[in-house]
Amino acid sequence: MKSGFRKILLLVLAVALLPLLPLSPAAAEEDGDEQEFVSVLELPEAKKGSFAELTAAENPLVAPKDKYYKFTNGAKTASSYVNPSITVNIGTGKVHQTYYMYARVKIASPFQLRTSAVEESLAKVTTVVPGKIASRTKAVLAVNGVLESDVTASGVGARLDGPVLLQGEWKRPSDTASEQKIEKWRAEEGQDTLVIDDEGNLNIVSGDTWGDIYDQIVGMGEHAVNAFCFGPALVVDGEPVYGYYSRAISSAKLAQRMAICQTGPLEYLLITSEGPENPGSKGLKLDQFVELIASFGDVKTAYNLDGGSSAALIFRKGTEKWAKINCPRGGKTRPVRDVIYFADAWIPGGK
């Protein structure tokens, strides 16, 4: 009788103490997957200042200002940037034993979402670290783009194999390429192309050939501002896209990933995950990355950008306004040829 009572008492104590016991690694990871994501910060009311006039071709280079950054709990990396033309809100998390970082962005003008390449001619393969391009363009926030830094025997970028439109200007794989070569370039088998239009929307354009894709983009006329090929699309019309396989982007490999997403009118999500070369992270397969993006719940369109060591989220760290803030526990930074960035358009006035 005493033995039975003692067993019941121990069982009751065990149940009472269960919430206080440390979780197993598997349970801890599952618990960590359920997170409250940071929200989109609304644009504050415009007072005592004016908006700079931006166009597809012209960026007035309004540099980010110290007073609009916010640092929380003594952190070295800024947690947000807020003024009447742009808001940025940084968040972090961990899923599948992999750290990730993301930025919620809201802008007042569609032309604050921009691209910039190192060279005017894409026949030249010049690379620099992403922060240098962000510094040159006075970006508030930037991510690496899609132009591959590798070169062929002839010196042309190996991944420059599809339509490229940067700030309204068409780019070719070579300034001296013959029409016959360009037609062959256009006729290669295609994959998803991202088109950013003059309303700041992300559009996915697909076709059987690059010629089909090119013709669709040309048909958009001046509404098409930026277009580049890399991909694939990860979310289309709010539906996640699983099952894409490509050795070129290591779909089945645990790796660093980077994506640009749209969540609403002039609202975006930039998200990057770490890889096995970063301490404490295993990396994500492409389908796992899609799963992570879909978990935010409000993503309408998502497009895969260059990953691996090219993946870079550029924002404020300490006094440096154009620093790589992802992978804070270590890892290399690969020089790139282009960035996608968000520009400030607010010119403060008065006191």
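The numbering of the sequence shown is the working numbering, which starts it at -7 and goes up by one.
Every residue gets a Cβ at the ideal spot worked out from N, C-alpha and C, and that includes glycine.
Assigned exposure category for R347 - 16 Cβ within 10 Å defines buried: Outside the modelled stretch of the chain, which goes from -7 to 343, sits residue 347, for which no answer is possible.
Could you tell me whether the stretch 106 to 113 touches the stretch 269 to 284, using the rule of 3 or more Cβ pairs below 8 Å? no
Where Q399 falls: helix, strand or coil (DSSP): Limits of the chain in this structure are -7 at one end and 343 at the other, which puts residue 399 out of reach.
If you reduce the DSSP assignment to three classes, tell me which class G85 lands in. strand
Between N81 and A95, which are expected to be in contact by the criterion C-beta below 8 Å, what is the C-beta distance as a whole number of angstroms? 7 Å
Is DSSP giving K39 helix, strand or coil here? coil
With DSSP as the reference, label V328 as helix, strand or coil. strand
C-alpha distance - G299 paired with A126, whole-angstrom precision: 18 Å
Rounded to the nearest angstrom, how far is the Cβ of Q248 from that of E266, given a contact under 8 Å? 6 Å
Out of A337, P76, A219, V331, point me to the one whose CA is closest to I205's CA. Ranking the options by Cα distance to I205, first place goes to A219.
I'd like to know if the stretch 305 to 315 and the stretch 193 to 205 are in contact, where contact means that at least 3 CB-CB pairs between them fall below 8 Å. no
Continuous beta strand (DSSP E) stretch holding E283: start and end: Taken as a continuous stretch (DSSP letters only), E283 belongs to no beta strand (DSSP E), being part of the alpha helix (DSSP H) at 278 to 286.
8 Å contact criterion, which I332 and G192 should meet: CB distance rounded: Taking 8 Å as the upper bound for CB-CB distance, I332 and G192 are not in contact here, some 12 Å apart.
Here's the rule: buried if 16 or more other CB atoms are within 10 angstroms of the residue's CB, otherwise exposed. What is P122? buried
Just curious, the alpha helix (DSSP H) that P122 is in, first and last residue? 122 to 129
For D336, which beta-bridge partners are listed by DSSP? In the DSSP assignment, D336 forms a beta bridge with V54.
Where Y236 and E34 are concerned, what is the direct C-alpha to C-alpha distance, given to the nearest angstrom? 35 Å
Would you decide whether A244 is buried or exposed? Buried here means 16 or more other CB atoms lie within 10 Å of its CB. exposed
Limits of the beta strand (DSSP E) - the one that Y295 falls within: 293 to 296
For I263 and L194, believed in contact at Cβ under 8 Å, the rounded distance: About 14 Å; that fails the 8 Å criterion.
Which one or two residues does DSSP pair with T107 in a beta bridge? I332
Residue range of the unbroken alpha helix (DSSP H) whose run includes I209: 202 to 211 is the extent of the alpha helix (DSSP H) around I209.
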